[in-house]
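Structure, as structure tokens:
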Amino acid sequence: MSITQTLAMAFKAIGNNKLRSFLTMLGIIIGVAAVITLVSVTQGQSQMYMMQMEAQGANRIDMYFYVNSSKARDAILDYAEKEVGKRIVAITPMSQNQVTLKYRTKNMNDVRISFGNEQYGLCTSNNISAGRDISKSDVKNRARVCVIGEAVRKNFFGAMSPIGQTIKIGNSWSQSYQPYTVIGVYNGKFGGKLNTDDQMVLVPNTLQMRIMGWEDNSSYAMRATDTDAAKSFTDDITAFANTKIDPNNDYFQAYANAQFQEQMQSATDQQSITMAIIAGISLLVGGIGIMNIMLVTVTERTREIGIRMAIGARRRDIIGQFLIEASVVSAIGGLFGIGLGYFGAAVLGNIMLAPVASSPWMPAAAADMVVSPSLPLVIGAFLFSVVLGIVFGIYPANKASKLQPVEALRTQ
Amino acid sequence: MKRQRSPADTPPEHLIVVEHLSKIYNEGKENEVRALEDINLTIDYGEFVCFLGQSGSGKSTLMNILGCLDLPTYGRFVLNGTPVSEIRPSVLSGIRNREIGFIFQGFNLIPGLTALENVELPLIYRGVGRSERRRLAESALTDVGLGNRMGHLPAEMSGGQQQRVAIARAMAASPPIIMADEPTGNLDSKSGHEIMTRLRKLNDETGTTVILITHDSHLATMAKRVVTITDGHIMGDQIYTGGKLEA
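Taken in order, these protein sequences are the chains called A and B.
Mapped onto the numbering used here, the consecutive letters of the first sequence carry residue numbers 356 to 767.
Mapped onto the numbering used here, the consecutive letters of the second sequence carry residue numbers 3 to 249.
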């Protein structure tokens, strides 16, 4: 008997008993939906963290250190600067603090100020959307200029051009505000929303003492040529620094975003597998449900099996019939489950990830992200449900095929 | 490779040869039942044989064996040249499919399938292609006068009609033997007579061997040969001439 014939028979048998077939499928439907929903949400979460990493720059390296000996400190900086042009593209100081900005009558508190050099934009993946970035000579000449973030631009200038305008920068405790000329704007990675990383101002690092009243040279950002270079250089400079610093009194840390990304990836991969296993248990229960119903079906249809055997069905025809029936039930259940899984992923993904997406350190694109099951996940879940039907159909099908035609025909 | 002509390719002398055949259930135990004992019988092509016996006589056991639904405990059974008693049980379904069309007392149609699909079923198991299968099934149903009922489910038909579907199913693949086990048992006398007339016609016109199993001696008069079975033994074997039979 051909496979299309067997399939046609299976659909007929399922169609003859719609309610029962649906109830049998329910276990598979719920199981597949659970697998798809949970794995999709986990993957969506990981995608979101990846977006965040991406916003900071995949090739970025951050370095923090407190070293008492200026000789050791210089040696470490020298090590990094010598790498520029090799694995490192650029390096910038990036001490940060909170300041208050004033423009005419407007005040803006809690603005992040970065003290960087002309490489700051490159190192931190910030692009100029208007005007120009700070230059080498700005840094050298301690020019009283600044580049503002998109949130600051929106808040102070609205539709007006900010370039050439003067804003005042100060801190709340000294209450001394100094005028700076706006020379450029960084385009907002966070949509220019308040209280995000877009609420910032960049000033040449040589002006740190002037604004803050102290100088802190402990933080640097670098940009590597690629993620491999970022990882290897981070390892190398850490090894080098450890030979220079005093482990009891000094502190050194360098890390590459790429490393974070890898750790995040493997963590979410593991989480996905755990989720899939937990949800898989419900699939297993669904499979046992199929076996149960198939056994009932075989008993109920003993006479039919006897008739089929009498008119020439071989053992393998009977096995094929019930195996295909079981796998068609679970495949249809799998398809329904996939549909429900898409729905569940969208709903649960929205509930769980919306607060994350709207948090200040998430790029604007995260808010638009819709959690949706990946194609391999969907195909995998479908194939798994078909295999489940076959596996749990084997015992009932085999039982059916071993019936003796004489006895099977005798049952009513 | 060209198939060698084997002795099996020439038609054997007899359609059915049964020698010293016994069927014993629970042999050697306390509840041993000797359903058939030392049966010897030959049936030729084109015969219309009736096995007549009361219930418990062993006639159904004999039908099961002759119909390749069951194997004898002892003895030899050769069907159309195939030594059935010597082959593996797993091959029996193929022999049933090729050699025998069954008609049962309880019709034994599959409830979820239409008349046409029921008739197609043995052809499906034989591996007949879709269009050829459809053609054969339709022509068999038309032959039994159900050309207008092909799409009906068994439950939508009368007993007589269902049994006619069963006849169509039995003869669709043109097997050499039609085996009918109390085919009129569940029918009123008019429908029963019609079924018997059809079987007789089938035997007369196509030369298909018909084996009828019944307890009804009146029905047996439709056959050309009556084999009487009592307590697992053949007690009589009479051949009637054509003239005497029209009851």
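Idealized CB from N, CA, C, for every residue including glycine.
It should be emphasised that the depicted structure is a prediction, and the values quoted were computed from it without experimental measurement.
Using DSSP with H/G/I as helix, E/B as strand and the rest coil, what is residue i?
| i | result |
| --- | --- |
| residue 183/B | strand |
| residue 160/B | coil |
| residue 49/B | coil |
| residue 218/B | coil |
| residue 478/A | helix |
| residue 488/A | coil |
| residue 95/B | helix |
| residue 249/B | Its pLDDT being 40, under 50, residue 249/B is placed unreliably by the model, and nothing is read from it. |
| residue 56/B | coil |
| residue 522/A | strand |
| residue 14/B | coil |
| residue 1/B | The question about residue 1/B has no answer, for chain B in this structure spans 3 to 249. |
| residue 714/A | coil |
| residue 42/B | strand |
| residue 728/A | coil |
| residue 456/A | strand |
| residue 767/A | coil |
| residue 642/A | helix |
| residue 7/B | Low confidence applies here, because residue 7/B scores a pLDDT of 43, under 50, leaving its location unreliable; read the following figure in that light. Correct three-state label for residue 7/B: coil. |
| residue 545/A | coil |
| residue 24/B | strand |
| residue 416/A | strand |
| residue 596/A | helix |
| residue 146/B | coil |
| residue 422/A | coil |
| residue 616/A | helix |
| residue 37/B | strand |
| residue 704/A | helix |
| residue 223/B | coil |
Could you give the first and the last residue of the continuous alpha helix (DSSP H) run that contains residue i?
| i | result |
| --- | --- |
| residue 609/A | Not the alpha helix (DSSP H): residue 609/A falls in the beta strand (DSSP E), residues 606–611. |
| residue 403/A | 373–411 |
| residue 239/B | No alpha helix (DSSP H) contains residue 239/B, which is instead part of the beta strand (DSSP E) from 235–241. |
| residue 661/A | 657–665 |
| residue 65/B | 61–68 |
| residue 770/A | Missing from the structure shown is residue 770/A; chain A here goes from 356 to 767 and no further. |
| residue 358/A | 358–370 |
| residue 566/A | 563–567 |
| residue 512/A | 505–512 |
By the DSSP assignment, the beta strand (DSSP E) with residue i in it spans what residues?
| i | result |
| --- | --- |
| residue 203/B | No beta strand (DSSP E) contains residue 203/B, which is instead part of the alpha helix (DSSP H) from 191–208. |
| residue 232/B | 227–232 |
| residue 538/A | 533–541 |
| residue 578/A | 574–579 |
| residue 448/A | 443–448 |
| residue 429/A | Run containing residue 429/A: none in the beta strand (DSSP E); it sits in the alpha helix (DSSP H), 425–438. |
| residue 465/A | 461–471 |
| residue 769/A | Beyond the ends of chain A as shown, which are 356 and 767, falls residue 769/A; an answer cannot be given. |
| residue 78/B | 76–81 |
| residue 1/B | No answer is possible for residue 1/B: the residues shown for chain B start at 3 and end at 249. |
My assumption, with CB atoms under 8 Å, is that residue i sits in contact with residue j. Please give the rounded CB distance.
| i | j | result |
| --- | --- | --- |
| residue 52/B | residue 167/B | About 23 Å separates the two Cβ atoms, so there is no contact after all. |
| residue 707/A | residue 396/A | 6 Å |
| residue 198/B | residue 186/B | 6 Å |
| residue 109/B | residue 202/B | Incorrect: roughly 19 Å between the Cβ atoms, too far for contact. |
Please list, in chain order, the residues of the segment 640–658 of chain A that have any C-beta partner in chain B closer than 8 Å. Taking 8 Å as the cut-off between beta carbons, the residues of the segment 640–658 of chain A near chain B are 658, in sequence order.
Segment contact, 8 Å Cβ cut-off, at least three pairs: the segment 488–507 of chain A with the segment 593–608 of chain A: Contact fails: fewer than three Cβ-Cβ distances are below 8 Å.
Members of the segment 66–86 of chain B that neighbour chain A once the beta carbon cut-off is set at 7 Å: The residues in question are 66, 71 and 72.
What residues in the segment 731–760 of chain A bring their beta carbon closer than 7 Å to a beta carbon of chain B? So the list reads 760, given in the order they occur along the chain.
Pull out every residue of the segment 693–713 of chain A whose Cβ sits closer than 9 Å to any Cβ of chain B, in chain order. Nothing from the segment 693–713 of chain A brings a Cβ to less than 9 Å from some Cβ of chain B.
Pair every Cβ in the segment 669–683 of chain A with every Cβ in the segment 746–758 of chain A, then say whether three or more of these pairs are closer than 8 Å. Counting Cβ pairs under 8 Å, three or more are found: they touch.
Say whether the segment 385–405 of chain A touches the segment 588–599 of chain A, bearing in mind that this needs 3 or more beta-carbon pairs closer than 8 Å, one atom from each stretch. At 8 Å Cβ cutoff, the stretches do not touch.
Does the segment 751–767 of chain A touch the segment 709–722 of chain A, meaning 3 or more C-beta pairs lie closer than 8 Å? Result no; under three Cβ-Cβ pairs closer than 8 Å.
Say whether the segment 60–68 of chain B touches the segment 643–650 of chain A, bearing in mind that this needs 3 or more beta-carbon pairs closer than 8 Å, one atom from each stretch. The segment 643–650 of chain A and the segment 60–68 of chain B do not touch, with fewer than three beta-carbon pairs separated by less than 8 Å.
Could you check whether the segment 664–671 of chain A touches the segment 80–100 of chain B, counting it as contact only if at least three pairs of C-beta atoms, one from each stretch, sit closer than 8 Å? The segment 664–671 of chain A is in contact with the segment 80–100 of chain B.
Answer yes if the segment 687–697 of chain A comes into contact with the segment 384–391 of chain A, meaning at least three C-beta pairs across the two stretches below 8 Å, and no otherwise. These segments touch.
Do three or more CB pairs link the segment 474–484 of chain A to the segment 452–463 of chain A at distances below 8 Å? Cβ pair count under 8 Å is below three, so no.
Does the segment 528–545 of chain A touch the segment 494–502 of chain A, meaning 3 or more C-beta pairs lie closer than 8 Å? Short answer: they touch.
Contact list for the segment 87–113 of chain B against chain A, Cβ threshold 7 Å: Near chain A, meaning a CB-to-CB distance below 7 Å, the residues of the segment 87–113 of chain B are 92, 95, 96, 98, 99, 104, 110 and 112.
Against chain B: residues of the segment 608–630 of chain A by CB proximity under 9 Å: The residues in question: there are none.
With a cut-off of 8 Å, do at least 3 Cβ pairs link the segment 578–591 of chain A to the segment 435–452 of chain A? These segments touch.
State whether the segment 69–77 of chain B contacts the segment 151–166 of chain B, with contact taken as three or more CB pairs (one from each stretch) at a distance under 8 Å. The answer is no - the segment 151–166 of chain B does not touch the segment 69–77 of chain B, with fewer than three Cβ pairs under 8 Å.
Looking at chain A, which residues of the segment 115–144 of chain B have a Cβ within less than 7 Å of any of its Cβ atoms? Result list: 123, 124, 126, 127 and 128.
Evaluate contact between the segment 488–498 of chain A and the segment 425–434 of chain A, counting only Cβ atoms and requiring at least three cross-stretch pairs below 8 Å. Below 8 Å, too few C-beta pairs join the segment 488–498 of chain A and the segment 425–434 of chain A to call them touching: fewer than three.
So does the segment 414–422 of chain A actually touch the segment 560–574 of chain A, counting three or more Cβ pairs closer than 8 Å? Put simply, the segment 414–422 of chain A touches the segment 560–574 of chain A. At least three CB pairs are less than 8 Å apart.
Would you be able to state if there are at least three C-beta pairs under 8 Å between the segment 121–140 of chain B and the segment 168–179 of chain B? Counting Cβ pairs under 8 Å, three or more are found: they touch.
Residues of the segment 166–197 of chain B with Cβ closer than 9 Å to any Cβ of chain A, in chain order: Residues 171, 172 and 175.
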